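In terms of numbering that gives the first Met the number 0, the sequence shown opens at residue 0 and continues consecutively. Take a look at the structure set out below.
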Amino acid sequence: MTSIIERKRQYDPASVSPLSFWAATAEEREATFKVLRDERPISWHPPLEGTLTTPEQEGIWAITRNADIAQVSKDPETFSSAYGVQQEEVPEDILDAAESFLGMDAPRHTRLRRLVSAAFTPRQVAKIEDQIKSQAARIVDDLLDVGDCDFVSQVSKRLPMWTIYEMMGLPEEHREAAAHGADGMVSWADPDVAGGREAGQVLNDSLVSLLSIGMDFAEYRREHPGDDLMTNLLQAEVDGQRLTDEEIGAFFVLLSVAGNDTTRNTISLAMKALCDFPDQREALVGDFDGTIKTAIEEFVRWASPVMTFRRTVLKDVELHGRHISAGEWVVMFYASGNRDERAFVDPAKFDVRRNPNPHVGFGGGGPHFCMGNMLAKTQLRAIFDQLLNRVPKLQVGDPTFLVGNFVHGVKSMPCTVR
0 MTSIIERKRQ
10 YDPASVSPLS
20 FWAATAEERE
30 ATFKVLRDER
40 PISWHPPLEG
50 TLTTPEQEGI
60 WAITRNADIA
70 QVSKDPETFS
80 SAYGVQQEEV
90 PEDILDAAES
100 FLGMDAPRHT
110 RLRRLVSAAF
120 TPRQVAKIED
130 QIKSQAARIV
140 DDLLDVGDCD
150 FVSQVSKRLP
160 MWTIYEMMGL
170 PEEHREAAAH
180 GADGMVSWAD
190 PDVAGGREAG
200 QVLNDSLVSL
210 LSIGMDFAEY
220 RREHPGDDLM
230 TNLLQAEVDG
240 QRLTDEEIGA
250 FFVLLSVAGN
260 DTTRNTISLA
270 MKALCDFPDQ
280 REALVGDFDG
290 TIKTAIEEFV
300 RWASPVMTFR
310 RTVLKDVELH
320 GRHISAGEWV
330 VMFYASGNRD
340 ERAFVDPAKF
350 DVRRNPNPHV
360 GFGGGGPHFC
370 MGNMLAKTQL
380 RAIFDQLLNR
390 VPKLQVGDPT
400 FLVGNFVHGV
410 KSMPCTVR
C-alpha cells in the first residue's frame, strides 16, 4: 500500500494530464516532454484527464526517455501488462476482450502469441504482400480519378482496413462496421466521436460491435473454412492447444484496432512530413529502392502513431532516484522517446536516411514488440511507391487531429492532386 508520505507527493508542474495537452499539436507537446526528459525523466502526474479510472488511482509515473522506455518494455517481471496497457481501469473480462495478449504476461501471453504466430504462415504473408501492392495501385487509381479530396478517407484509411480484413477473410459488407468499431476503441475521448455519449458507453458500444462481428465470423468459418487468417486461427495448434472462441474474438478486436489505426495515421503523418520537408521527399523519390527502408523507420518515428502505453508495477522499484511502489502505474510516452536527444541526432529533423534509428514506434522491445511490424512496413512501402511515383505533385494541407492520449490520430487532411 502507498504510505501517507507517498500519498502527499507533489504532482509535476509540467503536466501531461489535461485533455487540452492532448488537443495541442505534437510540436507543442514536445516542449513539455523536453523539460521532463532533461530535468525529471521520471515524473508524477494526475491520472490523464478523460480516462476511465477509479479514485484509488491517484496518479501515473511518466517515462519520457528512450532508454527508460526500453528498460520498462524489457522487464515484464517488474512492469506488468496483465492489468491493462491503456490509461483505463476496467474489469478483467472487458480487459481480456479488448486487449487480447497485448494485456497479458507470460506464460499466458507466450502461449497466445505462439498460437497467433502459427497462423501467420510464410504462404499467408507472401500472398497478402502481392495483394497489398495491387490494392495500393487501385487506391491511387481512384485518387487520380477523384482529384482533390480528404487524404485520410481516400487514401490512408483504405489500405490498412482492406489489408487487415482481407487477411482475415471478412466479407466486404462487414468491413466498414468493423473499422468504425475499431475507431471507437481508441477515440472515445474525442467529442466528435462520442456524439454526446459518455466515454464508457462509446468504449462499450465499440467493443461489443467488434466482438460480435469477429465471433459471428469465426462461427461461420468453422462451418465454411476458407484460405484466410480466420480459418488459420481456428485451426492453429501449439502443444495440443487451440484458441478458444473468446480468445479469437479478442484477437479480432486487437487486430482491428492495431492494424487499422496505427498504419493509417503513419501514412497520413508521413505524407504531411514529406510535403513539409521537400528536400527529404526529393531524396526519397530520387532513390526510392535505396532509401525506402530507412525512410519507413523514420515515418514511424516521426508519426509515433501510438503515443502511450502503460504498465503496472509488480514490485517496488527505483528509477532515476524516484521510488515507485508496487501497484502504481508507469506510462511510457513513445512520442517523447522518439524525440530524445540522447538517442537521436537532431531529432527535430525529418530525415529519410536516418541511421541508426532506435525509435520505439513499434514498442521498446521485449515480449510485446509489435508482431505486425513487417506487415505495416509492407503497406507503407507499397502505398508510398504508388503515391510518390504516380502523383508527383501531391500536396496535403493541415490535418485535423483526434483528441486523445493513446493514438496520434488524424481525422481529416485535405490534399491537392495536381
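The beta carbon of each residue, even a glycine, is placed where N, CA and C say it ideally should be. All figures in this text were calculated on a predicted structure; none of them were measured in a lab.
Cβ-Cβ separation between Gly360 and Arg263: approximately 14 Å, too far for a contact (criterion under 8 Å).
Taking 4 residues as the minimum length, the alpha helix (DSSP H) runs contained wholly in the segment 156-235 are 157-167, 174-186, 190-193, 198-222 and 228-234, in order along the chain. As a beta-bridge residue in DSSP terms, Val406 pairs with Val305.
Exclusion of the five residues before and after Met184 leaves Ser205 and Val256 as the residues of its chain whose Cβ lies within less than 6 Å of its Cβ. Counting only residues of its own chain and dropping the five nearest sequence neighbours on each side, Ser155 has a CB closer than 6 Å to the CB of Arg263, Ile266 and Ser267.
Ala302 counts as buried, since at least 16 other C-beta atoms from the protein chains shown sit within 10 angstroms of its C-beta. Within the segment 299-353, complete beta strand (DSSP E) segments of at least 3 residues are found at 307-312, 316-318, 321-323 and 328-332, given in chain order. Distance between Gly396 and Pro413, taken at the CA atoms: about 5 Å. The alpha carbon of Glu48 has as its nearest neighbour, out of Ala334, Ala294, Val15 and Asp244, the alpha carbon of Val15. In the DSSP assignment, Ser42 falls within the beta strand (DSSP E) that extends over Ile41 to His44.
If you draw a straight line from the Cα of Ile382 to the Cα of Asn259, it comes to about 15 Å. Between Ile247 and Gly225 a beta carbon distance of about 15 Å is seen, past the 8 Å cut, so the two are scored as non-contacting. Taking C-alpha positions only, Gln130 is separated from Leu35 by approximately 44 Å.
Collapsing the DSSP output to three states places Ala22 in a helix. Ala61 is bridged by DSSP to Ser42 and Val330.
DSSP places Cys369 in no beta strand (DSSP E); its state is neither H nor E. Here the alpha carbons of Thr293 and Ala25 stand approximately 22 Å from one another. Looking only at Asp144, Glu197, Asp182 and Gly365, the smallest Cα-Cα distance to Phe405 is reached by Asp182. Under the three-state reduction of DSSP, Ser79 is assigned to strand. Each of Leu379, Phe400 and Pro346 was checked against the Cα of Asn65, and the nearest Cα belongs to Pro346.
Per DSSP, the continuous alpha helix (DSSP H) segment holding Pro277 begins and ends at Pro277 to Gly285.
The segment 217-236 makes contact with the segment 159-179, as at least three CB pairs between them are under 8 Å.
Within the DSSP bridge table, the entry for Phe400 names Val409 as partners.
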